[in-house]
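Undergrad: First, the structure itself, so that you have it in front of you.
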Amino acid sequence: MLPPQPMPDYFAEDALLPEGWARGVRIGVSKGGVIDSVAADQSPDGAARLSGPVIPGMIDVHSHAFQRAMAGLAERASSGGGTFWSWREVMYGFAARITPDDLHAIAAQLFVELLRHGYTSVGEFHYLHNQPGGAPYETRAEMSIQVIEAARHAGIAITHLPVVYAFGGFGEQTLDDVQARFRADPAHALGVAADLTARYRDDPRVMVGLAPHSLRAVNLSMLQEAVSGLAGLDAAAPLHIHIAEQAKEVDDCLAWSGRRPLEWLCENLPLDERWCLIHATHAREDELEGIAASGAAVGLCPTTEANLGDGLFGLAAFAAAKGRIAIGSDSNVSVSPIEELRWLEYGQRLHAQRRNVFTTADSPSTGASLWRAAAEGGARALAQPAGAIAAGKRADLVVLDANSPTLATKTGDQILDALIFSGNDNAVGRVMVAGKWIIEDGRHAEEERTAANFRKVLRKLAP
Ligand SMILES: [Zn+2]
Numbered sequence: 003m004l005p006p007q008p009m010p011d012y013f014a015e016d017a018l019l020p021e022g023w024a025r026g027v028r029i030g031v032s033k034g035g036v037i038d039s040v041a042a043d044q045s046p047d048g049a050a051r052l053s054g055p056v057i058p059g060m061i062d063v064h065s066h067a068f069q070r071a072m073a074g075l076a077e078r079a080s081s082g083g084g085t086f087w088s089w090r091e092v093m094y095g096f097a098a099r100i101t102p103d104d105l106h107a108i109a110a111q112l113f114v115e116l117l118r119h120g121y122t123s124v125g126e127f128h129y130l131h132n133q134p135g136g137a138p139y140e141t142r143a144e145m146s147i148q149v150i151e152a153a154r155h156a157g158i159a160i161t162h163l164p165v166v167y168a169f170g171g172f173g174e175q176t177l178d179d180v181q182a183r184f185r186a187d188p189a190h191a192l193g194v195a196a197d198l199t200a201r202y203r204d205d206p207r208v209m210v211g212l213a214p215h216s217l218r219a220v221n222l223s224m225l226q227e228a229v230s231g232l233a234g235l236d237a238a239a240p241l242h243i244h245i246a247e248q249a250k251e252v253d254d255c256l257a258w259s260g261r262r263p264l265e266w267l268c269e270n271l272p273l274d275e276r277w278c279l280i281h282a283t284h285a286r287e288d289e290l291e292g293i294a295a296s297g298a299a300v301g302l303c304p305t306t307e308a309n310l311g312d313g314l315f316g317l318a319a320f321a322a323a324k325g326r327i328a329i330g331s332d333s334n335v336s337v338s339p340i341e342e343l344r345w346l347e348y349g350q351r352l353h354a355q356r357r358n359v360f361t362t363a364d365s366p367s368t369g370a371s372l373w374r375a376a377a378e379g380g381a382r383a384l385a386q387p388a389g390a391i392a393a394g395k396r397a398d399l400v401v402l403d404a405n406s407p408t409l410a411t412k413t414g415d416q417i418l419d420a421l422i423f424s425g426n427d428n429a430v431g432r433v434m435v436a437g438k439w440i441i442e443d444g445r446h447a448e449e450e451r452t453a454a455n456f457r458k459v460l461r462k463l464a465p
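Letter 432 of the sequence shown, counting from 1, is numbered 434 in the working numbering, and no numbers are missing.
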């Protein structure tokens, strides 16, 4: 018998490593899809040459996959112009009707699109637990399984976060009819998490965490039960929560508890590195410093936050406190990490009336600073061994299209500065997840079939 052939190394003229852009980079990838060596200033001899600049795949820490089906359908003014809360009514209309098969088709379409734009992991904040009307499915994790199977089929890594959702508003208000579909007490959500952990034990691309929906939807004892129950399942599993997204939410929390949402959370729970706080839009500087000191990440969703008129996150103060950021596609009005990062930076520039906000003396390139921070912060927030081109990380790589006019003549830091701030054509050429090419020449092998299934579901769900 012949000895097993070693996998050839990959060779990139330019690659974004944790310390910055490097030239002549050889990347060794094991048969299991893990990076086992990275070295710069090497020769390409005997390696498989990658045809453009290589960056780590981006992490999408916050998605509600089913909402991709309603993107674009809540952009008409109602009386008063429309608010987050009127948008939520449209969303509830969709959420009430989606079947398990519908969810699979919508999620598959979303995940193909995310991959085509350079995301390689997604965090699904999943609250569509029950049948319409509120009865649980016979298999309690039915809807979760549909999302995870769609991710596995599309080839994107996923951290699935079953949501704890028990109340319709601050002070333990009763759920309304549509929200009954979301109902999950900590025992139910932990049961789903345990089922999924067992079911996907052998797929290293699938991770499981938990997500108390918001301070509106849980009480303190449920939060405590969720945290300790999840730690019993996996001590490092991630915890996500929506927090301080809307000014009304801050006012309601103050009226209920005398505390702002982030104040209440920090006073009542020991936050740590397992936590990812989604939005944290309405945060005072001392609250941002508290989050940064705890090691928790903030999951920013700039296109959704803009779409919903949420407000602007205090990025400059949070970055000054060395806080960890991540990005999410949330309502999935955008499937592009470039658009999220561009909006993130531009919002800050418009607010502060200055340029290049997300930079430091050590990392003066806004584009490279944003990409590295969001990829590394996102990977930790999803407990995915990814987010950087480094030995021991999963081989999740994005090869940019060297022929894209956006990237013509660009080297080093200019590559991501150009991609994020002037790229409007999709310049993602190839995408690898766990050592396997999922996107080639900008295309996914299943994209026609996936789009056809998605169209069918959209026709059925049309309002
Ligand atoms: Zn959300």
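Think of the CB as a built atom: it goes at the ideal place given N, C-alpha and C, for glycine as much as any other residue. Note that this is a predicted model, so its numbers are computed, not measured.
Compute every distance between the C-beta of D332 and the non-hydrogen atoms of ligand 1, then say whether any falls below 6 Å.
TA: Because some heavy atom of ligand 1 lies under 6 Å away, the Cβ of D332 counts as near it: yes.
Undergrad: Do V337 and D104 count as a contact pair if the criterion is CB distance below 7 Å?
TA: Against a cut-off of 7 Å, the Cβ pair of V337 and D104 comes out as no contact.
Undergrad: For H281, which option in E247, A109, P206, V401 has the closest C-alpha, if you only look at C-alpha atoms?
TA: H281 has its Cα closest to that of E247, out of E247, A109, P206, V401.
Undergrad: Using the Cβ count rule (16 or more neighbours within 10 Å means buried), how would you classify S146?
TA: Buried.
Undergrad: How big is the Cα-Cα spacing for W89 and A71?
TA: Rounded to the nearest angstrom, the two C-alpha atoms are 14 Å apart.
Undergrad: Assuming V430 is part of the beta strand (DSSP E), what are its boundary residues?
TA: Its beta strand (DSSP E) spans residues 430-435.
Undergrad: Can you tell me which of the three DSSP states G369 falls into?
TA: DSSP places G369 in helix when its eight states are reduced to three.
Undergrad: So if DSSP puts T161 in a beta bridge, which residue, or which two residues, is it bridged to?
TA: Beta-bridge pairing links T161 to G125, M209.
Undergrad: Looking at the unbroken beta strand (DSSP E) that takes in C255, where does it start and where does it end?
TA: Note, C255: premise wrong, no beta strand (DSSP E); alpha helix (DSSP H) at 249-259.
Undergrad: Compute the Euclidean distance between the alpha carbons of S333 and A319, then round it to the nearest angstrom.
TA: Cα-Cα distance, rounded: 26 Å.
Undergrad: Can you find the residues in the same chain that come closer than 6 Å, C-beta to C-beta, to R218, ignoring five residues on each side of it along the sequence?
TA: G171, F172, listed in sequence order.
Undergrad: Ends of the beta strand (DSSP E) at K395?
TA: Neither: K395 is in no beta strand (DSSP E) and is coded neither H nor E.
Undergrad: Where do the N-terminal and C-terminal ends of the alpha helix (DSSP H) with Y348 fall, by residue?
TA: 339-354 is the extent of the alpha helix (DSSP H) around Y348.
Undergrad: Between P134 and R185, which are expected to be in contact by the criterion C-beta below 8 Å, what is the C-beta distance as a whole number of angstroms?
TA: P134 to R185, Cβ: 12 Å. No contact.
Undergrad: So the candidates are L317, A328, D288, L310; which of them puts its Cα closest to the Cα of A299?
TA: The candidate whose alpha carbon is nearest that of A299 is A328.
Undergrad: On the three-state DSSP scale, how would you describe Y167?
TA: Y167: strand per DSSP, three-state reduction.
Undergrad: With a cut-off of 8 Å on the beta carbons, I'd call V359 and L117 a contact; round off their distance for me.
TA: With 8 Å as the limit, V359 and L117 do not qualify as a contact, their Cβ atoms being about 29 Å apart.
Undergrad: Can you tell me which of the three DSSP states S223 falls into?
TA: Looking at S223 - three-state DSSP - the assignment turns out to be helix.
Undergrad: Taking the CB atoms as reference points, tell me whether H190 and F127 lie closer together than 7 Å.
TA: Cβ atoms of H190 and F127: not closer than 7 Å.
Undergrad: In whole angstroms, what is the alpha-carbon distance linking I158 and G260?
TA: Distance between the alpha carbons of I158 and G260: 42 Å.
Undergrad: Under a three-way DSSP split, which group does S39 fall into?
TA: In this structure, S39 counts as strand in the three-state DSSP scheme.
Undergrad: Less than 7 Å between the C-beta atoms of H64 and G301, yes or no?
TA: Result yes, Cβ atoms of H64 and G301 sit closer than 7 Å.
Undergrad: In terms of alpha-carbon separation, which member of Q69, F456, G431 lies closest to A97?
TA: When only C-alpha atoms are compared, the closest one is Q69.
Undergrad: When DSSP labels each residue in this structure, what does P188 get in the three-state scheme?
TA: P188 falls in the helix class under three-state DSSP.
Undergrad: Where does the unbroken alpha helix (DSSP H) through F456 begin, and where does it stop?
TA: Residues 449-463.
Undergrad: Relative to the C-alpha of I464, which candidate in P214, T85, M93 has its C-alpha closest?
TA: Inspection of the sequence shows that residue 464 is occupied by Ala rather than by Ile. Cα-wise, what sits closest to A464 is M93.
Undergrad: Excluding the five sequence neighbours on either side, which residues of its own chain have a C-beta within less than 7 Å of the C-beta of E227, listed in chain order?
TA: Closer than 7 Å at Cβ, skipping near neighbours: P188.
Undergrad: Are at least three pairs of beta-carbons, each pair with one atom in the segment 409-419 and one in the segment 355-372, less than 8 Å apart?
TA: Yes, since at least three Cβ pairs between the segment 409-419 and the segment 355-372 fall closer than 8 Å, the two stretches touch.
Undergrad: Can you tell me which of T362, R276, P55 puts its alpha carbon nearest to the alpha carbon of G26?
TA: Measuring from the Cα of G26, the nearest candidate turns out to be P55.
Undergrad: Using a Cβ-Cβ cut-off of 8 Å (strictly less than) and excluding sequence neighbours within five positions of K438, which residues of its own chain qualify?
TA: G35, G157, listed in sequence order.
Undergrad: Are there 16 or more other CB atoms within 10 angstroms of the CB of K250, so buried, or fewer, so exposed?
TA: It is exposed - the Cβ of K250 has fewer than 16 other Cβ atoms within 10 Å.
Undergrad: Over what stretch of residues does the alpha helix (DSSP H) that includes Y94 continue unbroken?
TA: Start and end: 86-97.
Undergrad: With distance defined between alpha-carbon atoms, name the residue in V220, R207, D398 nearest to E151.
TA: Ranking the options by Cα distance to E151, first place goes to R207.
Undergrad: Which first and last residues belong to the beta strand (DSSP E) in which M60 is found?
TA: That run of the beta strand (DSSP E) goes 60-65.
Undergrad: Given a threshold of 16 other Cβ atoms within 10 Å of its Cβ, counted over all protein chains shown, does G48 qualify as buried or as exposed?
TA: G48 should be labelled exposed.
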